[in-house]
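Counting from 54, one number per residue, gives the positions in the sequence shown under this note's numbering. Even for Gly, the Cβ is constructed at its ideal location relative to N, Cα and C. Down below is the structure, laid out as structure tokens.
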Amino acid sequence: MAEYSVFSLVRNALGGNRDWKPAWRKPDPRPSYDAIVIGGGGHGLATAYYLAREHGITNVAVLERGWIGSGNVGRNTTIVRSNYLLPENIRFYEHSMKLWEGLSHELNYNVMFSQRGVLNLAHTPAQLDEHARRGNAMRHEGGDAVLLGSEEVARMVPGLDVSGSARFPVVGGLLQPRAGTARHDAVAWGFARAADRLGVDIIENCEVTGFLREGEKVVGVTSTRGDIRAPKVAVAVAGSTSRVMHLAGIDNLPIESHVLQAFVSESLKPFVHQVVTFGAGHLYMSQSDKGGLVFGGDLDGYNTYAQRGNLPLVEEVMSEMVAMFPSLARVRLLRSWGGVADMSMDGSPIIATGPLPGMYLNCGWCYGGFKATPGSGWCFAWTIARDEPHPINAPFTLDRFQRGILIDEKGQGATPKWH
Ligand SMILES: Cc1cc2nc3c(=O)[nH]c(=O)nc-3n(C[C@H](O)[C@H](O)[C@H](O)COP(=O)(O)OP(=O)(O)OC[C@H]3O[C@@H](n4cnc5c(N)ncnc54)[C@H](O)[C@@H]3O)c2cc1C
């Protein structure tokens with residue numbers, strides 16, 4: 054398969070663009086592999102790529118129920134950041150951030166990683182204190198964070214209402230300059246193409262319908278394209294985790310599925326150059342290269358596997374947007390959609406061996422698994438290849454919920470819809 058380069062671009066442009074090859078093969082599943090990854094989202098594809106690239110395990114199949122990019126990896130609001138408070142989270146997301154910084158070159162695929170900065174607004178002095186504490190924690194772990202006063206925020210984002218009469222006055226903000234956005238589906242396509250080039254079989258339209266067992270041990274899967282055996286079976290199905298694990302008889306996971314909506318406005322001239330988040334509610338927005346405002350807010354708040362949400366949440370998100378940017382009140386909404394988020398009980402993920410022998414579990418990504426994609430794939434591949442976690446993902450066990458060692462970034466307790 055050809056390298057993407059300026060030369061291949063020119064050659065194909067001169068040749069009428071008739072010579073581009075498919076980015077990955079469409080193989081039929083073989084009867085057995087060394088490892089199976091269930092779920093062709095960002096995490097499953099990244100896992101397969103790093104299994105091949107870092108551990109030389111290339112006899113791998115990624116089994117995807119639909120098509121590559123049909124899940125949350127192609128539905129998110131594309132924000133990439135590592136601005137966490139707790140050391141476990143900062144270390145993991147910083148690791149992911151460093152992988153993002155070299156990802157387009159690594160994959161030979163432009164994932165359009167744009168380090169435009171993520172600015173968390175503070176609306177009260179107490180919130181600014183919390184931002185200072187989090188910024189210090191980030192810097193302590195080697196990350197980047199800058200605390201801004203309201204005048205600096207006003208200069209940076211001129212459209213914001215920072216007046217004293219604003220409904221939620223802006224008293225400052227925490228900026229992570231290296232954070233930003235990436236093109237979500239390019240991440241799926243880039244990992245798929247790069248994994249395929251290393252020999253991984255990416256099998257679309259292949260739904261896993263059950264697990265093959267020898268006693269307790271998982272030795273493969275049944276699927277809509279036949280039985281496929283492997284001594285290692287990894288589950289990376291995000292919002293479908295509880296459904297897929299139910300097929301293995303596991304019904305007590307600390308995971309709930311909730312719908313999360315995303316919105317895009319009509320195109321506007323560039324006026325917001327960072328990702329900006331509202332601190333008096335839950336709203337995050339950026340402006341795409343095409344000019345549309347890309348934004349989202351809270352979960353709808355009820356358990357569901359539906360990939361669409363309801364109007365009360367739309368109204369709530371729009372009201373927060375207008376509180377932040379009153380001048381946007383007459384802008385039209387162009388598109389909205391939903392994705393199913395796998396909410397864990399402490400807001401942090403699970404990347405672990407088990408819970409059955411031969412099985413490996415990756416889930417609990419809540420609102421923020423897109424930014425984790427390379428880090429999650431890298432750590433999960435290590436865990437699968439070596440049958441033990443890397444120190445970076447060692448805290449993200451499944452049994453921490455039994456042992457009470459939660460990684461509760463927000464301190465909200467076991468209330469997944471708040472994380
Ligand atoms: C609206 C929205 C906005 C978001 N915004 C952000 C953001 O700005 N920043 C951020 O970091 N994160 C964000 N996220 C979260 C992020 O998108 C997810 O956490 C992440 O994409 C989940 O991992 P994934 O890419 O592997 O999931 P997915 O792409 O959902 O992959 C899972 C795959 O498993 C497949 N599957 C399920 N069941 C089976 C089966 N039985 N057999 C075979 N395959 C199966 C599915 O078809 C799916 O393709 C957002 C999510 C949503 C919904």
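- Distance from the CA of G349 to the CA of M338, rounded to the nearest whole angstrom, comes to 7 Å.
- Per DSSP, reduced to three states, the secondary structure at G466 is coil, with no helix or strand assignment.
- About 31 Å separates the CB atoms of R246 and S318; that is not less than 8 Å, and the two are not in contact.
- With a minimum length of 4 residues, the unbroken runs of alpha helix (DSSP H) contained wholly in the segment 184 to 218 fall at 203 to 209.
- Taking one beta carbon from each stretch, the segment 220 to 228 and the segment 71 to 79 have fewer than 3 pairs nearer than 8 Å; the two do not touch.
- DSSP places I110 in the coil class of the three-state scheme, outside both helix and strand.
- Our two residues, G109 and V59, have alpha carbons roughly 29 Å apart in a direct line.
- Straight-line measurement puts the Cα of V347 at about 6 Å from the Cα of F316.
- Proximity to S218 across I403, Y413 and M377 peaks at M377, based on C-alpha coordinates.
- Annotation for N189 indicates a beta carbon at 7 Å or more from all heavy atoms of ligand 1.
- In this structure, K424 has its beta carbon less than 7 Å from a heavy atom of ligand 1.
- Distance from P427 to A190 at the Cβ level is roughly 22 Å; contact not present, criterion being Cβ atoms closer than 8 Å.
- Residue environment: Q455 is assigned as exposed (fewer than 16 neighbouring CB atoms within 10 Å of its CB, all protein chains considered).
- Collapsing the DSSP output to three states places R64 in a helix.
- Relative to M371, the option among L181, G334 and L414 whose CA is nearest is G334.
- Secondary structure in the segment 313 to 368: the beta strand (DSSP E) runs of 3 residues or longer, each lying completely within the stretch, are 328 to 331, 336 to 340 and 345 to 356 in chain order.
- In this model, A105 and G93 are separated by some 15 Å (Cα to Cα).
- For V271, the Cβ stays outside the 7 Å cut-off from all heavy atoms of ligand 1.
- Beta-bridge partners of S167 (DSSP): T234.
- Here the distance from the Cβ of W418 to the nearest heavy atom of ligand 1 is below 7 Å.
- With fewer than 16 other beta carbons inside 10 angstroms of its own, L387 counts as exposed.
- By alpha-carbon distance to H96, the top candidate from L152, A241 and S61 is A241.
- Rounded to the nearest angstrom, the gap between the Cα atoms of T436 and F449 is 11 Å.
- Contact fails between the segment 304 to 312 and the segment 151 to 162, because fewer than three Cβ pairs, one in each stretch, are under 8 Å apart.
- If you check the CB distance, V164 and G243 come in under 8 Å.
- In this structure, DSSP gives K74 a state outside helix and strand, which the three-state scheme calls coil.
- Annotation: E117 to G273 spans about 15 Å, alpha carbon to alpha carbon.
- For F264, the enclosing beta strand (DSSP E) starts and ends at V261 to E267.
- In the structure shown, the three-state DSSP call for A99 is helix.
- Where L386 is concerned, the enclosing beta strand (DSSP E) starts and stops at L386 to S397.
- The segment 395 to 405 and the segment 250 to 267 do not touch, with fewer than three beta-carbon pairs separated by less than 8 Å.
- Residue state for H299 is assigned as helix, using DSSP reduced to three classes.
- Annotated three-state conformation of Y413 is strand, per DSSP.
- Short of 8 Å from the beta carbon of S380, and not among the five residues preceding or following it, lie these beta carbons of its own chain, in chain order: G212.
- Comparing alpha-carbon positions, the option among Y162, L201, S149 and Q314 lying closest to R128 turns out to be Q314.
- Short note on I256: C-beta not closer than 7 Å to any heavy atom of ligand 1.
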